[in-house]
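What follows is a set of notes on a single structure, which appears directly below.
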Amino acid sequence: MKAFDSRFTERSKATSGTSAVAHPNQMALDRLKEQNSIRDTKPRDPLESSSDSEEKIPAKPMSLSKRKLDLEVEKKKKGRPRKDSRLMPVTLTVQSPALLTSEKDGACHSAPLALKLPTPVAQKTFTLQVSSDPSMYIEVENEIVTAGGSKLSRLKCNREGKEWETVLTSRILSAAGSCEVVSVACEKRTLSVFSACGRRLLPPIVLHSPISTLHCTGFYIMALTTAATLSVWNVQKRSVVVKEESLQTILAGSETTVSQILLTQHGIPVMNMSDGKAYCFSPSLSSWNLISDKQETLAQCADFRNSLPSQEAMLCSGPLAIIQGRTSNSGRQAARLFSMPHLIQQETTLAYLESQVAAALALQSSHEYRHWLLIYARYLVNEGFEYRLRELCKDLLGPVHCSSGSQWESTIVGLRKRDLLKELLPVIGQNLRFQRLFTEYQEQLDILRDK
Numbered sequence: 001m002k003a004f005d006s007r008f009t010e011r012s013k014a015t016s017g018t019s020a021v022a023h024p025n026q027m028a029l030d031r032l033k034e035q036n037s038i039r040d041t042k043p044r045d046p047l048e049s050s051s052d053s054e055e056k057i058p059a060k061p062m063s064l065s066k067r068k069l070d071l072e073v074e075k076k077k078k079g080r081p082r083k084d085s086r087l088m089p090v091t092l093t094v095q096s097p098a099l100l101t102s103e104k105d106g107a108c109h110s111a112p113l114a115l116k117l118p119t120p121v122a123q124k125t126f127t128l129q130v131s132s133d134p135s136m137y138i139e140v141e142n143e144i145v146t147a148g149g150s151k152l153s154r155l156k157c158n159r160e161g162k163e164w165e166t167v168l169t170s171r172i173l174s175a176a177g178s179c180e181v182v183s184v185a186c187e188k189r190t191l192s193v194f195s196a197c198g199r200r201l202l203p204p205i206v207l208h209s210p211i212s213t214l215h216c217t218g219f220y221i222m223a224l225t226t227a228a229t230l231s232v233w234n235v236q237k238r239s240v241v242v243k244e245e246s247l248q249t250i251l252a253g254s255e256t257t258v259s260q261i262l263l264t265q266h267g268i269p270v271m272n273m274s275d276g277k278a279y280c281f282s283p284s285l286s287s288w289n290l291i292s293d294k295q296e297t298l299a300q301c302a303d304f305r306n307s308l309p310s311q312e313a314m315l316c317s318g319p320l321a322i323i324q325g326r327t328s329n330s331g332r333q334a335a336r337l338f339s340m341p342h343l344i345q346q347e348t349t350l351a352y353l354e355s356q357v358a359a360a361l362a363l364q365s366s367h368e369y370r371h372w373l374l375i376y377a378r379y380l381v382n383e384g385f386e387y388r389l390r391e392l393c394k395d396l397l398g399p400v401h402c403s404s405g406s407q408w409e410s411t412i413v414g415l416r417k418r419d420l421l422k423e424l425l426p427v428i429g430q431n432l433r434f435q436r437l438f439t440e441y442q443e444q445l446d447i448l449r450d451k
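Heads up, the sequence shown is in full-length UniProt numbering, so the first residue is 1 and it goes up one at a time.
In structure tokens:
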């Protein structure tokens, strides 16, 4: 009881009267003074970790024992570092918006580098056969040393025994030609164009990147660069058809490569891929279009053998037949190879024939467009698709009465639409079900002919 009374008495003395209120306030003031004096003498580094800053804080009030302080210090030193100290960066790097923009632009420009195509190796001499009928070939000779010690490149063209030649100041990497023009791509990223008689037609065209592949068809020149950009020019009209179009759209995200490149008579570039797909670029739509896929099942399942006019009609030639490898006639054997419900086979055949018509139109192949359009119309008649047949006839006929606001065009791929309708009407008249449709459009054609 005496020990208890003594402890109680000492505690009551420490907390009684005004000293009990003044003691904590006095200690708080002393602590603030000590902290201010430390900040004045040595400013705190903002990049210091929280653990370092805490070690520099003055000792806690005397009520804490020295043993307790030692234990806290030992706890800080042992084990994993504190979470806030791990998250605190050692150095700060601030990038300006301009730098971030430049890095983003650099990332965008670096993406096409994955599509880098090979460039031809400069050869001392090489010969290129342009055509066999008429006989035409090109000869190139690089690094011809002149009297002054400079080096030139000689271009020589022979056509049916008539020869012309010219010189260039840069080594020739690639050459191409047609019966109308000859073109060469040089080491300094320049493209030179000459007529069939050797006359320069244009100043050297500076390419965006070194040449990879060069093609000529008629008056059209196609250049594919190592940066996978494609350009096509019409030399006769001195105009661009396709301007630096990237192959990123048809090559991105796949391991396919370009296996064959074609340039049609109308300046339409075609890319045959290693996976069996073929794309053409449409200048009017400014887009790549899928025109063939050898792995597609439509060609195998379509059956339109009853819609073929004759055996000779199947020998249709053109860019579409070249691209598809003449496999588009497999529909004649579809009925023997596959067994499927009639409705599904109808839909499959319609889809295939419509894709063939659209592909021929995209390639601007008038002969193949007419060929597949007649087969398509004959299939519509045989299967009784009046709604689609009427829409086709309406588009080919156009407005009977002329109006200034009409957007109808009288020709398609160089063919007159109403002449195509005249070819379709006898086919339509063979089906008694469509006699009314035949009479309706035949009378309208007669009215237009009498005008």
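Virtual Cβ for every residue (Gly too), placed ideally from N, Cα, C. Fair warning: this is a prediction, and the values are worked out from it, not measured in the lab.
C-beta contact flag for residue i and residue j at 7 Å
{"i": "residue 155", "j": "residue 184", "result": "yes"}
{"i": "residue 365", "j": "residue 415", "result": "no"}
{"i": "residue 145", "j": "residue 126", "result": "no"}
{"i": "residue 304", "j": "residue 379", "result": "yes"}
{"i": "residue 256", "j": "residue 239", "result": "no"}
{"i": "residue 225", "j": "residue 246", "result": "no"}
{"i": "residue 175", "j": "residue 138", "result": "yes"}
{"i": "residue 346", "j": "residue 372", "result": "no"}
{"i": "residue 396", "j": "residue 420", "result": "yes"}
{"i": "residue 177", "j": "residue 130", "result": "yes"}
{"i": "residue 413", "j": "residue 376", "result": "no"}
{"i": "residue 348", "j": "residue 298", "result": "yes"}
{"i": "residue 251", "j": "residue 392", "result": "no"}
{"i": "residue 187", "j": "residue 170", "result": "yes"}
{"i": "residue 295", "j": "residue 276", "result": "yes"}
{"i": "residue 352", "j": "residue 278", "result": "no"}
Short CB-CB distance (under 7 Å) between residue i and chain C
{"i": "residue 153", "result": "The displayed structure is made up of one protein chain only, and chain C is not part of it."}
Environment of residue i [buried if 16+ CB atoms lie within 10 Å]
{"i": "residue 387", "result": "exposed"}
{"i": "residue 441", "result": "buried"}
{"i": "residue 260", "result": "exposed"}
{"i": "residue 253", "result": "exposed"}
{"i": "residue 61", "result": "Residue confidence is low: residue 61 scores 46 on pLDDT, short of 50, so the model does not pin down where it sits. No coordinate-derived value is stated."}
{"i": "residue 230", "result": "buried"}
{"i": "residue 241", "result": "buried"}
{"i": "residue 200", "result": "exposed"}
{"i": "residue 118", "result": "exposed"}
{"i": "residue 436", "result": "exposed"}
{"i": "residue 207", "result": "buried"}
{"i": "residue 52", "result": "With a pLDDT of 44 at residue 52, under the threshold of 50, the modelled position of that residue is not reliable, and the figure given next carries that caveat. It is exposed - the Cβ of residue 52 has fewer than 16 other Cβ atoms within 10 Å."}
{"i": "residue 447", "result": "exposed"}
{"i": "residue 410", "result": "exposed"}
{"i": "residue 269", "result": "buried"}
{"i": "residue 210", "result": "buried"}
{"i": "residue 249", "result": "exposed"}
{"i": "residue 428", "result": "buried"}
{"i": "residue 147", "result": "exposed"}
{"i": "residue 389", "result": "buried"}
{"i": "residue 267", "result": "buried"}
Residue nearest to residue i in terms of C-alpha spacing, selected from the options
{"i": "residue 235", "options": "219, 321, 345, 262", "result": "219"}
{"i": "residue 150", "options": "438, 168, 188", "result": "168"}
{"i": "residue 172", "options": "244, 269, 214, 164", "result": "214"}
{"i": "residue 280", "options": "137, 316, 363, 189", "result": "363"}
{"i": "residue 161", "options": "147, 143, 136", "result": "136"}
{"i": "residue 189", "options": "163, 182, 412, 227", "result": "227"}
{"i": "residue 134", "options": "166, 187, 158, 398", "result": "158"}
{"i": "residue 180", "options": "266, 216, 417, 278", "result": "216"}
{"i": "residue 422", "options": "182, 350, 439, 344", "result": "439"}
{"i": "residue 128", "options": "182, 148, 147, 166", "result": "182"}
{"i": "residue 342", "options": "383, 325, 354, 287", "result": "383"}
{"i": "residue 262", "options": "164, 424, 223, 398", "result": "223"}
{"i": "residue 286", "options": "123, 132, 243", "result": "243"}
Contact belief for residue i with residue j at Cβ below 8 Å, rounded distance in angstroms
{"i": "residue 191", "j": "residue 204", "result": "6 Å"}
{"i": "residue 258", "j": "residue 221", "result": "18 Å between Cβ atoms; not a contact."}
{"i": "residue 359", "j": "residue 320", "result": "6 Å"}
{"i": "residue 473", "j": "residue 374", "result": "The structure shown does not extend to residue 473, since the chain is modelled only from 1 through 451, so no value can be given for it."}
{"i": "residue 323", "j": "residue 292", "result": "5 Å"}
{"i": "residue 381", "j": "residue 431", "result": "5 Å"}
{"i": "residue 272", "j": "residue 282", "result": "That belief does not hold up - the Cβ atoms of residue 272 and residue 282 are roughly 17 Å apart, past 8 Å."}
Cβ-heavy atom distance, residue i to the ligand ADP, below 6 Å
{"i": "residue 303", "result": "The model depicted lacks the ligand ADP and carries no ligand whatsoever."}
query: Mind pulling the alpha helix (DSSP H) runs of 4 or more residues that sit fully within the segment 414-451?
result: 417-429, 435-450
- request: Please go through the segment 121-157 and give each complete beta strand (DSSP E) segment of 3 or more residues, from N-terminal end onward.
  value: 125-132, 135-145
- prompt: What residue ranges within the segment 238-306 form continuous beta strand (DSSP E) runs of no fewer than 3 residues, ordered along the chain?
  reply: 239-246, 258-263, 269-273, 277-282, 287-293
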